[in-house]
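**Student:**
In this note's numbering, the protein residues as written are 581 to 790.
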């Protein structure tokens with residue numbers, strides 16, 4: 581059984597502690613006949629997920645998609661040292677590149693202008709909805725999970741951020757947890773994924789987590 585995972589940091593975000601695996605790695609350990617590949621990228625946009633999904637989903641028997649929020653930017657055309665390929669907010673970019681180089685300051689100014697004056701939030705949400713609909717129409721058999729918010733009811737389950745918040749708010753600090761979950765909650769979530777892989781049955785109740 582081959583499983584493909586797509587999305588943002590809830591799909592791919594290693595812990596600082598190498599002994600603390602990501603949930604999909606625990607799920608793979610629990611199923612010796614299961615092979616799981618993650619195409620997730622921390623801080624990425626839904627457009628990035630949409631592209632990776634269409635490039636790779638047909639390789640897999642089952643697919644899991646973590647649907648992130650609108651208005652994140654993917655700019656693979658920029659030089660790598662600009663540190664601006666994936667930007668999910670101006671604050672995030674400013675923290676990552678503070679006093680790095682003059683180019684980072686130029687990019688910071690450009691992003692400030694974009695988020696303050698240029699972006700059309702309604703347009704971004706409408707594009708996001710079209711991308712979600714396209715992914716779902718392509719793989720109606722997939723498991724769809726909302727990463728941070730679920731204003732459009734894209735998932736039948738609680739958003740994954742609700743599980744993350746059980747550990748308290750990390751604020752502006754770097755989150756050192758795998759997929760923003762504690763190790764125990766990664767293991768609990770992995771068991772739920774294993775059940776879905778084996779039976780197509782899935783449940784996500786906040787009371788099941790620690």
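The C-beta atom is built at its ideal place from N, Cα and C for all residues, glycine as well.
What are the residues that DSSP puts in a beta bridge with residue 743?
**Tutor:** Answer is none; residue 743 lacks a bridge partner.
**Student:** By Cβ distance, which residues of its chain are closer than 6 Å to residue 622, with the 5 residues on each side in sequence left out?
**Tutor:** Excluding residues within five positions, the ones whose Cβ falls inside 6 Å are 589, 593.
**Student:** Among the residues of its own chain, which have a CB less than 8 Å from the CB of residue 735, if the five just before and after it don't count?
**Tutor:** So the qualifying residues of the chain are 647, 724, 725, 726.
**Student:** Should residue 777 go down as buried or exposed, given a rule of 16 or more other Cβ atoms within 10 Å for buried?
**Tutor:** Flag for residue 777 reads buried.
**Student:** Return the chain-ordered list of same chain residues with a C-beta closer than 6 Å to the C-beta of residue 602, the five sequence neighbours on each side being excluded.
**Tutor:** Answer for residue 602: 758, 759, listed in chain order.
**Student:** Using only CA atoms, which one of 743, 755, 749, 771 lies nearest to residue 786?
**Tutor:** Checked all of 743, 755, 749, 771; the closest Cα to residue 786 is 743.
**Student:** Determine whether the beta carbon atoms of residue 666 and residue 624 lie at a separation below 8 Å.
**Tutor:** In contact: residue 666 and residue 624 (Cβ atoms closer than 8 Å).
**Student:** Taking just the CA atoms, how far does residue 649 sit from residue 753?
**Tutor:** Cα to Cα, residue 753 sits roughly 20 Å from residue 649.
**Student:** So, with DSSP's three-state summary, where would you put residue 710?
**Tutor:** Here residue 710 sits in helix by DSSP.
**Student:** Pick helix, strand or coil for residue 753, following the three-state DSSP scheme.
**Tutor:** Note: residue 753 maps to coil in three-state DSSP.
**Student:** For residue 647, name the three-state secondary structure that DSSP assigns.
**Tutor:** Here residue 647 sits in strand by DSSP.
**Student:** Please report the straight-line C-alpha distance between residue 704 and residue 722, rounded to a whole angstrom.
**Tutor:** Between residue 704 and residue 722, the C-alpha separation is close to 24 Å.
**Student:** Would you identify the three-state DSSP class for residue 617, choosing helix, strand or coil?
**Tutor:** In this structure, residue 617 counts as strand in the three-state DSSP scheme.
**Student:** Determine the burial state of residue 651: buried for a count of at least 16 other Cβ atoms within 10 Å of its Cβ, exposed for fewer.
**Tutor:** Counting Cβ neighbours within 10 Å, residue 651 comes out buried, since at least 16 surround it.
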